[in-house]
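Structure first, then comments.
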Amino acid sequence: MKFKHTFHVFVDNFSITYKQLLYRFIIILVAAAIGITCLYPFVKEFINSDALNLLTANIKNYFSSFLDGEVSSIANTSLAIRDAYDKLIELFKTRITEIVLMGLLILLLYVVQKWFAGLGNYATAVLINDKMALRAKSPFVGTMISHLKEASIYNLIYVPLTILYDIVVYGVLFVILFFMLNGIRFFLINMFLFSLMTVMAAALKMTFTCDWLPALIRGKTNNRQAIKLSFSRKGKDSLNIYSNFIVLVLLIIGVNAAAAIFTLGVGALITIPASYVILICFEFVNYYDREDIRYFIDKNTIVKPDKERVLTREEFFTGTGGENP
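Going by the numbering used here, the first residue of the sequence shown is number 139, and it counts up by one from there.
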């Protein structure tokens, strides 16, 4: 039933997708402008370097000789490619400081971009919760501004933890599959295993952060209590949520890939922001079900738990009382 209710809540809040699209587009545009401005001088110098031009020219000559059947010149061209490659490496060695600084800048831009995107996700979560609890239609920008403090604190904790998780887990998976298990000669098998484990790792992360955001917004808890709540779920419930997230992640990957391929990327403008919205919808549906709270899935339908805890008048109008006594 969680999938069914999630889909209904997603459709009921589909207009948020366009707000997410515009907000994320602005973030990416600003980050790209800053990155290009800072990196352009070095990239231009690298592209115009004699070492790179020599390497490119020799590679073209190699393929031309191969296609023309000039076997005698292939060996000399191969040596020329090796020499040009060595010169390019020497160029990199002389600019190692600039390369490290560029890498740090890209990492910083990525972290800041994720932080601002998290503000948008927090506002999206508030809008979804308002619709599910009270059928209220709140403005996206106004909600983001009014919840800026809470969203900033949440993202200062959540963003670094998730980035660290991604770097460690996916880095370890890559090293294991493509370096330590190099005895597996079939590249497609390695790619399949890496994709499978990536999906499982992403679903695992979302399983143990699933209740964090809803607990902050619907339950009115602080971050410490919300994190504790996320890890206090019983084993069977965690396994059920984990399997649901695996299916959701696979569906999202499939839909986004299909949109990118069959619409030449145009459809991805909708499916990518919609992916964030539907994941947040699932988190809130799961939280409402867990805490036995009734909620709207559309304007005419209310989902009532088997054992509903009746909220007080104050809890109803303030949106508090998310947890069972």
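Note that CB positions come from ideal geometry on N, CA and C, so glycine has one too.
Here's the rule I'm using: 16 or more other beta-carbon atoms within 10 Å means buried, otherwise exposed. How should GLY460 be labelled?
Legend: pLDDT at GLY460 = 46, less than 50; position of this residue unreliable, no value from coordinates given.
Where does VAL307 sit, in a helix, a strand or coil, going by DSSP?
For VAL307, the three-state secondary structure derived from DSSP is helix.
Just to confirm the assignment: which complete beta strand (DSSP E) runs, minimum length 3, are found wholly within the stretch 394-444?
Runs found: 433-436 and 439-441.
Going by C-alpha distance, which of MET270, ARG233 and TYR308 is nearest LYS437?
Of the residues MET270, ARG233 and TYR308, the one whose Cα lies closest to the Cα of LYS437 is MET270.
Span of the alpha helix (DSSP H) around ASN259:
Residues 234-272.
On the premise that PHE141 lies in contact with ASN382, defined as a C-beta separation below 8 angstroms, what is that separation, rounded to the nearest angstrom?
Cβ-Cβ separation between ASN382 and PHE141: approximately 7 angstroms, consistent with a contact (criterion under 8 angstroms).
Looking at ASN196 and THR215, is the spacing between their C-beta atoms short of 8 angstroms?
Yes; because the gap between Cβ atoms is below 8 angstroms, this pair is in contact.
What is the rounded straight-line gap between the Cα of ARG220 and the Cα of ASP188?
Rounded to whole angstroms, the separation of the alpha carbons of ASP188 and ARG220 is 14 angstroms.
Where does the unbroken alpha helix (DSSP H) through ILE166 begin, and where does it stop?
First-last of the alpha helix (DSSP H) with ILE166: 154-185.
Can you give me the C-alpha to C-alpha distance between HIS285 and PRO443, rounded to a whole angstrom?
Spanning the two alpha carbons is a distance of roughly 29 angstroms.
Should ILE185 go down as buried or exposed, given a rule of 16 or more other Cβ atoms within 10 Å for buried?
Exposed: under 16 other Cβ atoms inside 10 Å.
Measure from the alpha carbon of TYR292 to the alpha carbon of each residue in LEU388, LYS358, LYS182 and TYR161, then state which is nearest.
With distances taken between CA atoms, TYR292 lies nearest to LYS358 out of LEU388, LYS358, LYS182 and TYR161.
Per-residue burial, PRO463 [other beta carbons within 10 Å of its own, 16 or more giving buried]:
Per-residue confidence for PRO463 stands at a pLDDT of 31, beneath the threshold of 50, marking its modelled position as unreliable; no derived number is given.
Quick one: Cα of MET344 to Cα of ARG233, how far?
Within the model, the alpha-carbon separation for MET344 versus ARG233 is close to 40 angstroms.
Closest residue to VAL415 among ALA395, LEU402, ILE390 and LEU242 (Cα-Cα distance):
In terms of CA proximity to VAL415, ILE390 leads the group ALA395, LEU402, ILE390 and LEU242.
What is the DSSP secondary structure of PRO463, reduced to helix, strand or coil?
Residue placement at PRO463 cannot be trusted, given a pLDDT of 31 that sits under 50; the coordinates are not used to answer.
Among GLY403, TYR156 and PHE346, nearest to LEU377 - alpha-carbon criterion:
It is PHE346 whose Cα lies nearest to the Cα of LEU377.
State the Cα-Cα distance for the pair VAL264 and SER370, rounded to the nearest angstrom.
Rounded to whole angstroms, VAL264 to SER370 spans 23 angstroms at the Cα level.
Can you tell me where the alpha helix (DSSP H) holding LEU315 begins and where it ends?
That residue, LEU315, is in no alpha helix (DSSP H); it is neither H nor E in DSSP.
Could you check what DSSP says for SER276 in three-state terms: helix, strand or coil?
DSSP, read as helix, strand or coil, puts SER276 in coil.
Report yes or no: do the stretch 155-167 and the stretch 246-266 share at least 3 C-beta pairs separated by less than 8 angstroms?
In short, these stretches touch, since the Cβ pair count reaches three.
LEU243 vs TYR223 beta-carbon contact at 8 angstroms
Cβ distance not < 8 angstroms, so LEU243 and TYR223 don't count as in contact.
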